[in-house]
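Protein chains in written order, with my numbering: chain A, 1 to 80; chain B, 101 to 180; chain C, 201 to 280; chain D, 301 to 380.
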């Protein structure tokens with residue numbers, strides 16, 4: 001069990017290499033998780049309402065989120 | 101943050117090459133986004149109710165949407 | 201626009217080859233669509249409540265659906 | 301028809317090889333299904349509220365779930 005979100009989790013997606021998971025929540029954030037340790041590695045903030053849908057790009061370098069705040073957000077992962 | 105929709109975003113999906121994102125909204129439209137610039141490149145209109153689900157075909161040339169208007173719509177992307 | 205469902209469409213998914221689309225609806229059915237003609241090629245009946253989620257297997261030969269009727273259903277596509 | 305869940309099924313996903321299906325339900329569990337026999341092969345318990353979203357990793361060895369209990373869970377499949 002990996003805790004961190006403070007409201008419902010609505011959507012989850014694995015990275016193509018399976019090492020990361022992204023989750024979208026009614027707490028307005030996305031979280032990235034290390035799938036080996038189960039630890040949260042990042043909290044992505046900015047949406048001002050429920051995050052309804054999340055997706056990873058095929059190259060694993062980008063994330064997208066859709067929100068009830070009427071916006072989509074694109075996130076570039078820091079691979080350094 | 102990419103604005104344009106005028107109601108909740110319910111579903112997002114990347115194109116297979118990661119260069120485009122499609123979003124489906126309660127504002128009855130789909131929007132296409134350039135994932136590098138974050139700009140909206142097209143607004144796909146026709147549904148008469150909430151767009152609940154969107155998908156890209158594997159070749160990146162077609163989009164599909166499902167709506168609370170009881171229809172599905174197929175969209176062919178202009179690649180010129 | 202492809203009509204046929206008699207209630208909200210909740211979920212759409214392309215077949216791996218892009219030639220078919222499956223949709224799941226609150227009308228308790230799944231429908232298969234030819235993505236070239238936009239015609240409905242099959243209506244899959246059996247669920248007794250809302251179809252919330254649909255998926256294609258990677259080989260394009262199986263469909264799965266989840267429903268508010270508390271069951272999942274597996275469908276084998278006739279390829280003759 | 302494959303029975304087992306005791307509340308709405310919200311999300312289904314095939315394993316990459318198509319031999320398994322995972323479902324997430326409002327009954328707080330995930331279930332794994334053999335797609336040939338239609339039999340439930342495992343019930344994954346732990347969530348304390350609705351399971352909203354499920355996903356398979358590309359290698360077919362991990363499952364992820366998101367829940368209204370504010371957690372995500374990662375499950376490693378026993379392949380022995």
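We put the CB at the ideal spot given by N, CA and C, even for glycine.
None of the values given here were measured: they were computed from a predicted structure.
Nonlocal neighbours in the same chain, by C-beta distance under 6 Å from residue i, ignoring five residues either side
i                      : result
residue 242 of chain C : 232
residue 50 of chain A  : 26, 68
residue 4 of chain A   : 31, 40
residue 306 of chain D : 327
residue 220 of chain C : 232
residue 14 of chain A  : 21
Counterpart residues of residue i in DSSP-defined beta bridges
i                      : result
residue 336 of chain D : Bridge partners of residue 336 of chain D: none, in fact.
residue 343 of chain D : D/331
residue 66 of chain A  : A/53, A/72
residue 211 of chain C : C/224
Chain C contact residues for residue i, given Cβ-Cβ distances below 8 Å
i                      : result
residue 146 of chain B : 201
residue 343 of chain D : In chain order: nothing, as chain C lies at least about 13 Å away.
Chain-ordered chain D contacts of residue i [CB-CB under 9 Å]
i                      : result
residue 228 of chain C : Those within 9 Å of residue 228 of chain C in chain D number zero; the least Cβ separation is about 13 Å.
Endpoints, beta strand (DSSP E) assigned at residue i
i                      : result
residue 177 of chain B : Counting along the chain, residue 177 of chain B falls outside any beta strand (DSSP E), and DSSP gives it neither H nor E.
residue 261 of chain C : Where residue 261 of chain C is concerned, there is no enclosing beta strand (DSSP E), given that its DSSP letter is neither H nor E.
residue 126 of chain B : It is not in any beta strand (DSSP E) - residue 126 of chain B carries neither H nor E in the DSSP assignment.
Chain A residues whose Cβ lies nearer than 8 Å to that of residue i
i                      : result
residue 133 of chain B : 72, 74
residue 359 of chain D : 18
residue 325 of chain D : Result: empty, since nearest Cβ-Cβ is about 15 Å, beyond 8 Å.
Residues of its chain near residue i, where Cβ-Cβ distance is below 8 Å and the 5 sequence neighbours each way are ignored
i                      : result
residue 252 of chain C : 210, 211, 224, 266, 267, 268
residue 359 of chain D : 316
residue 271 of chain C : 247
residue 129 of chain B : 105, 143, 144, 145, 147, 151
Neighbourhood of residue i by C-beta, 7 Å cutoff - its chain only, sequence neighbours within 5 removed
i                      : result
residue 376 of chain D : 361, 362
residue 302 of chain D : 333, 338, 340
residue 318 of chain D : 335
residue 308 of chain D : 325, 326
residue 278 of chain C : none
Chain-ordered neighbours of residue i on chain B, where CB pairs are closer than 8 Å
i                     : result
residue 67 of chain A : 108, 109
If the cut-off is 7 Å on Cβ atoms, which residues from the stretch 209-222 of chain C count as contacting chain B, listed in chain order?
Of all residues in the stretch 209-222 of chain C, those with a C-beta nearer than 7 Å to a C-beta of chain B are 209, 210, 211, 212, 213, 214, 216, 218, 221, reading in chain order.
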